[in-house]
Structure formats: structure tokens, C-alpha cells
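Residue numbers (the numbering used here): 6 to 239. Here the structure is laid out as C-alpha cells; the discussion comes afterwards.
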Ligand code: SF4
């Protein structure tokens, strides 16, 4: 197990493979050193459903920023029960949050792009670094059509000295995702029924119109090129 020349060659061929092919390769290559990173949006629950059919012991983690919506906690519960898994929670460092709120107030992330990124670092990036500490790979639900910043993602991305990133559903459309959820009766985040195509911290996400970009509701007060929190920066 682990990354070898053969597994890298296999990964290249997966660009034309199905999501199931990608998961099978990931479990064969990384064993228990690969986990699904889930924010419990529509794509993520699809990933969990596909993965659990192949490997019922699949491991899932989430970054509980402390600013998630009740609907997100509800779907985590539903997914845990349906698939008999225990989603692992990674939370921000309490002391660091206290310090930031003392110094800058509770809503400092609205004040500038830099301060918003500071909040994402505290609430997401630092917990993510702990979640990834012993991993060789992580699995995400990124799709190419979600935004211009995701148009060139590959199904398997290798990085020097960092865990590989696996994106099994890069080519799926939004329709594909919802067809899968309905056909397979997958629990999903009820925020989607309220106009939220993209799930994140509730204070930084708002509903969008059908004609808007799916990530238009994230950090809506910022320009489009700023709209990543750092989790998926290369
Ligand atoms: Fe903070 Fe908003 Fe980023 Fe959540 S999305 S970590 S509340 S800035």
C-alpha cells in the first residue's frame, strides 16, 4: 500500500473512470490512511453513499467551525445513523478563537478579505491540518462546473510532502448529484431545499437564485476571485 509508480500510473487512467473506480483505487492504495472530508453538502453525502457500498468502514471527518447551521448537524446525524459511521469532528482552537473575538469582535470576518481569511484559517485551516496529520490522502466532492476556480481539477492530485487529494466526481453535473441522491434515498442537507446550493458557515452563506453561480452565496460580499476558503487551494 502507498503511492508507487504503478499506483500513479493507475491514477492517471482514472480520469476516464467512474467514481466507484476512484474509490476502489483509493482504498487499495491508501488503506485506512484515506478519509472523506465532508462539509455535508449534496456532493459529500453522495461520496459517503458510494464509499460505504465499497467499504463500510470508510472514515469521514468534518470541520465543525462552530458557525454551521442546525440543518448541517441534522444531516450529520442522519448520515451517521444510516451508514453506521461516526463522523470525526475537528473544531477550532478555543483559546485562539477567544483571542480573535476579544480583539476584533464576533463578526470580524465581514470587515475585509484578509480578516475573512484569518477567520477561515482559525476555524477551518488549523483544524484541517490536525485532521490531515496522519493521512496519506483525503477525498473531496469537488466538481469542475462548481466554479472557475475548480475547472481544471483532476480526479487524483499528488503534492510533494502532502496528502494526495482525490476528487471522484469531478465530471458530475449538479443534476447527476441530485439524481443520485433521489434514486438512492441519500440523506441530504435541508438547506438545499431553502436555496443554498453550497454549504458552509451559515453567517457566510446565503441562498442564491437559480440563475446565479452555485457558489455565489458564499462570501457574497467579496469579488468572485476571492471565493475559496483555502481548503482547496493548490
Ligand atoms: Fe469564518 Fe465565514 Fe470562513 Fe466560516 S466561512 S470560517 S465564519 S470566515
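We put the beta carbon where it would ideally sit given N, CA and C, even for glycine.
- Between the C-alpha atoms of residue 119 and residue 210 there is a straight-line separation of about 18 Å.
- Here the alpha carbons of residue 75 and residue 81 stand approximately 10 Å from one another.
- Residue environment for residue 216: exposed (fewer than 16 other C-beta atoms within 10 angstroms of its C-beta).
- Under the three-state reduction of DSSP, residue 92 is assigned to coil, being neither helix nor strand.
- Collapsing the DSSP output to three states places residue 13 in a helix.
- Following the DSSP letters along the chain, one finds residue 48 inside the alpha helix (DSSP H) bounded by residues 47 to 59.
- The beta carbon of residue 67 sits no closer than 7 Å to any heavy atom of ligand 1.
- When DSSP states are grouped into helix, strand and coil, residue 28 belongs to the helix group.
- When Cβ pairs closer than 8 Å are counted between the two stretches, the segment 124 to 133 is seen to touch the segment 84 to 100, the count reaching three or more.
- For residue 236 and residue 188, the gap between their C-alpha atoms comes out near 30 Å.
- Around residue 185, the same chain offers 51 as residues with beta carbons nearer than 6 Å, after the five sequence neighbours per side are excluded.
- Residue 121 has its Cβ nearer than 7 Å to a heavy atom of ligand 1.
- Here the segment 138 to 147 makes contact with the segment 39 to 51; the two share three or more CB pairs at distances below 8 Å.
- Along the segment 182 to 234, the alpha helix (DSSP H) does not occur as any fully enclosed run of 4 or more residues.
- Listed in chain order, the non-local C-beta contacts of residue 195 below 6 Å within the same chain comprise 76, local neighbours out to five positions each way being set aside.
- Buried is the label assigned to residue 160, since at least 16 other Cβ atoms lie within 10 Å of its Cβ.
- Around the C-beta of residue 152, 16 or more other C-beta atoms lie within 10 Å, and the residue is accordingly described as buried.
- Taking a cut-off of 8 Å for Cβ pairs, the segment 52 to 67 and the segment 81 to 90 touch, as three or more such pairs fall below it.
- Nearest neighbour of residue 78 by Cα position, chosen from 227, 171, 193, turns out to be 193.
- Residue 45 has its Cβ no nearer than 7 Å to any heavy atom of ligand 1.
- Residues of the same chain with their beta carbon placed closer than 6 Å to that of residue 73 are lacking, with the five preceding and five following residues left out of the count.
- In the DSSP secondary-structure assignment, residue 162 is bridged to 170.
- Closer than 7 Å to some heavy atom of ligand 1: that does not describe the Cβ of residue 94.
- Close CB contacts of residue 156 within its chain, under the 6 Å cut and outside five residues either way in sequence, are with 149 (chain order).
- DSSP places residue 118 inside the alpha helix (DSSP H), whose first and last residues are 118 to 125.
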